[in-house]
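Enquirer: Top to bottom, those sequences are chains L and W.
For the first sequence, position 25 matches number 25 in our numbering, and the numbering has no gaps at all.
For the second sequence, position 88 matches number 308 in our numbering, and the numbering has no gaps at all.
Even for Gly, the Cβ is constructed at its ideal location relative to N, Cα and C.
The structure is given below, and queries will be raised subsequently.
Number of protein chains: 2
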Amino acid sequence: MKIRVVENILKANDSLALDNRAYFKSRGIKVVNLIGSPGSGKTSFIIKAAALLSERGLVCGVIEGDIASSIDAEKISSAGIPVVQVNTGGGCHLDAGMVKACLSSLPLDKINILFIENIGNLVCPFGYYLGEDLRITLLSVPEGDDKPLKYPASVLDTDMIIISKTDLEKVCGVRASSIAANARRIKKDVPLFRISARLGTGMAGAVGHLIKFNSTRRPT
Amino acid sequence: MKIRVVENILKANDSLALDNRAYFKSRGIKVVNLIGSPGSGKTSFIIKAAALLSERGLVCGVIEGDIASSIDAEKISSAGIPVVQVNTGGGCHLDAGMVKACLSSLPLDKINILFIENIGNLVCPFGYYLGEDLRITLLSVPEGDDKPLKYPASVLDTDMIIISKTDLEKVCGVRASSIAANARRIKKDVPLFRISARLGTGMAGAVGHLIKFNSTRRPT
Chain L
1 MKIRVVENIL KANDSLALDN RAYFKSRGIK VVNLIGSPGS GKTSFIIKAA ALLSERGLVC
61 GVIEGDIASS IDAEKISSAG IPVVQVNTGG GCHLDAGMVK ACLSSLPLDK INILFIENIG
121 NLVCPFGYYL GEDLRITLLS VPEGDDKPLK YPASVLDTDM IIISKTDLEK VCGVRASSIA
181 ANARRIKKDV PLFRISARLG TGMAGAVGHL IKFNSTRRPT
Chain W
221 MKIRVVENIL KANDSLALDN RAYFKSRGIK VVNLIGSPGS GKTSFIIKAA ALLSERGLVC
281 GVIEGDIASS IDAEKISSAG IPVVQVNTGG GCHLDAGMVK ACLSSLPLDK INILFIENIG
341 NLVCPFGYYL GEDLRITLLS VPEGDDKPLK YPASVLDTDM IIISKTDLEK VCGVRASSIA
401 ANARRIKKDV PLFRISARLG TGMAGAVGHL IKFNSTRRPT
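Here you go:
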């Protein structure tokens, strides 16, 4: 009975996620779901990426997920990016219903690319499809090079990996190339990009891939 | 109905956790549940702490929780510490039943302090009491200074906070004092320690507190 209830919750989520996907498609909005550990650099990536996309004439919006606070939404808003904050009040992931509930608070007629910053959690968010076109996993250098092996869903259930904070490689004694090699042990052909949002390095390549990429992502 | 099922799961967990607690108490074993984000330094803390405790004549054992792999258990075993690996196969937290199932694989008659390294996750593990005497939250400097505000349970539902990787303060532009100040905004009197496992600084204070501390922790 326990399993059946979980299945029902997931089915209800998938149904709402497909509604979201159809809605986004009808408006020509590309949606990116960003997943990573607490402090892996999701917000910094969004702000830097939005600036690069703006240079190409593309307008971004953000759904900012946090358990509590609006710290990241304020940062994003200060950068001139339309943003709506979702506080889960304890929940460990965003779900499709939360995304749907946000849509009326965003100027969707002006937005080309919508970033959804999930709760900082390298486990639970991978189980919930939100209706996104593209799912990105951020793995930061200070977390160590073994995260793909310890959290295999972070590689298997994503479309693209961004290795962040590469400016900390030497001081942390962690090589981005080792993170990449471990990710390829889990999924050989996963697209991988290395960035330092602080230095601005690697951003153009990651953003270029994001623009081009259209996944065939569906509820699993 | 959904809520009722969740309540039942938690009640079943709490019942097993109280069994664990009674069992540990009868054997005079002190149990420490370590919770933190992926890569926050839980394993490094355990290895350094066990060495210091050994100098005081105290023997440590470890229950090592990971979704997949035995990377950390191998590190711990290489340091000469008895360890048993739990792989949750996707589960985002350890529960009391998993802890109970491990006990026959550890030399409990020799162990004074048992560390349980939870899944790397700053959200879900706080909801599951395992029968521990003491719960420690690790917050690492590279994660940023705002984690106590974004993940309030990591402060409210813990007995002691360890701010780790303080050797990275300058290079990350993050001050341990800011992490501490934000934690105190959530819980004024939470015991706080700053360590660098790499440099060995701060370990004696944290371990001293760990030895002295007896929480009144119970299922919530």
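If distances are taken between C-alpha atoms only, which option among 239/W, 366/W, 251/W comes closest to residue 282/W?
Expert: In the second sequence, residue 282/W corresponds to position 62, counting from 1. Residue 282/W has its Cα closest to that of 251/W, out of 239/W, 366/W, 251/W.
Enquirer: Measuring CB to CB, does residue 65/L end up less than 8 Å from residue 122/L?
Expert: Walking along the first sequence from the start, residue 65/L turns up at place 65. Walking along the first sequence from the start, residue 122/L turns up at place 122. Contact: no.
Enquirer: Measure the Cβ-Cβ separation of residue 180/L and residue 163/L and say whether it is below 8 Å.
Expert: Taking the first residue of the first sequence as position 1, residue 180/L is located at position 180. Taking the first residue of the first sequence as position 1, residue 163/L is located at position 163. Their beta carbons are under 8 Å apart, which means residue 180/L touches residue 163/L by this criterion.
Enquirer: I'd like to know if residue 66/L contacts chain W, where contact means its C-beta is closer than 8 Å to some C-beta of that chain.
Expert: Taking the first residue of the first sequence as 1, we reach residue 66/L at position 66. Interface residue, yes.
Enquirer: For residue 369/W, name the three-state secondary structure that DSSP assigns.
Expert: The sequence position of residue 369/W within the second sequence is 149, counting from 1. Note: residue 369/W maps to helix in three-state DSSP.
Enquirer: Can you confirm whether residue 364/W, when its beta carbon is compared against all beta carbons of chain L, has any partner nearer than 8 Å?
Expert: Position 144 of the second sequence, counted from the start, is the residue given in the question as residue 364/W. True, the Cβ-Cβ gap to chain L drops below 8 Å.
Enquirer: Our contact map puts residue 111/L next to residue 60/L with C-beta atoms below 8 Å; I'd like the distance itself, whole angstroms only.
Expert: One-based indexing of the first sequence puts residue 111/L at position 111. One-based indexing of the first sequence puts residue 60/L at position 60. The Cβ separation is near 7 Å, so the contact holds.
Enquirer: Counting Cβ pairs, one atom from each stretch, are 3 or more of them under 8 Å apart for the region 301-319 of chain W and the region 207-217 of chain L?
Expert: As far as the Cβ criterion goes, the region 301-319 of chain W does not touch the region 207-217 of chain L, which means the pair count is below three.
Enquirer: Measuring CB to CB, does residue 88/L end up less than 8 Å from residue 46/L?
Expert: For this step, residue 88/L is matched to residue 88 along the first sequence. For this step, residue 46/L is matched to residue 46 along the first sequence. No, these two residues do not count as a Cβ contact at 8 Å.
Enquirer: Taking only three categories from DSSP, how would you classify residue 352/W?
Expert: Translated into positions along the second sequence, residue 352/W becomes position 132. Of the three classes helix, strand and coil, the one that applies to residue 352/W here is coil, per DSSP.
Enquirer: Please tell me whether residue 73/L has its Cβ less than 8 Å away from any Cβ of chain B.
Expert: Checking the listed chains, one finds no chain B in this structure; the protein chains it contains are L and W.
Enquirer: By Cβ distance, which residues of its chain are closer than 6 Å to residue 368/W, with the 5 residues on each side in sequence left out?
Expert: If you number the second sequence from 1, residue 368/W lands on position 148. Around residue 368/W: 375, 402, 403, 406.
Enquirer: When the distance is taken between beta carbons, is residue 203/L closer than 8 Å to residue 10/L?
Expert: As a working note, residue 10/L is residue 10 in the first sequence. As a working note, residue 203/L is residue 203 in the first sequence. No; because the gap between Cβ atoms is not below 8 Å, this pair is not in contact.
Enquirer: Using a Cβ-Cβ cut-off of 8 Å, state whether residue 367/W counts as contacting chain L.
Expert: Translated into the one-based positions of the second sequence, residue 367/W becomes position 147. Closer than 8 Å to some Cβ of chain L, the Cβ of residue 367/W qualifies, so yes.
Enquirer: Consider the Cβ of residue 360/W: report whether some Cβ of chain L lies at a distance smaller than 8 Å.
Expert: Position 140 of the second sequence, counted from the first residue, corresponds to residue 360/W. Residue 360/W counts as touching chain L.
Enquirer: Give me the subset of the region 341-353 of chain W whose CB atoms are less than 7 Å from a CB atom of chain L, sorted by chain position.
Expert: Cβ contacts with chain L come from 341, 342, 343, 344.
Enquirer: What whole-angstrom Cβ distance do residue 254/W and residue 245/W have, given they're in contact under 8 Å?
Expert: Translated into the one-based positions of the second sequence, residue 254/W becomes position 34. Translated into the one-based positions of the second sequence, residue 245/W becomes position 25. With 8 Å as the limit, residue 254/W and residue 245/W do not qualify as a contact, their Cβ atoms being about 20 Å apart.
Enquirer: Checking the sheet assignment: what are the DSSP bridge partners for residue 137/L?
Expert: The residue you call residue 137/L lines up with position 137 of the first sequence. Beta-bridge pairing links residue 137/L to 35/L, 161/L.
Enquirer: Would you mind telling me which residues of chain L sit closer than 8 Å to residue 268/W, beta carbon to beta carbon, in chain order?
Expert: Here residue 268/W refers to the residue found at position 48 of the second sequence. Going along chain L, no residue has its Cβ under 8 Å from residue 268/W, so there is no contact; the nearest lies around 16 Å.
Enquirer: Residues in the same chain with beta-carbon distance under 7 Å from residue 165/L, minus the five sequence neighbours each way, listed in chain order, please.
Expert: Position 165 of the first sequence, counting from 1, holds the residue named residue 165/L. Once the five neighbours on either side are set aside, the close Cβ partners of residue 165/L are 41, 140, 141, 142, 196.
Enquirer: Along the chain, where does the beta strand (DSSP E) containing residue 64/L start, and where does it finish?
Expert: Walking along the first sequence from the start, residue 64/L turns up at place 64. Element bounds for residue 64/L: 60-66.
Enquirer: State the CB to CB distance for the pair residue 160/L and residue 191/L, rounded to an integer number of angstroms; the pair is presumed to be in contact (CB under 8 Å).
Expert: Taking the first sequence and counting its residues from 1, the one referred to as residue 160/L is at position 160. Taking the first sequence and counting its residues from 1, the one referred to as residue 191/L is at position 191. That pair is a contact at about 5 Å.
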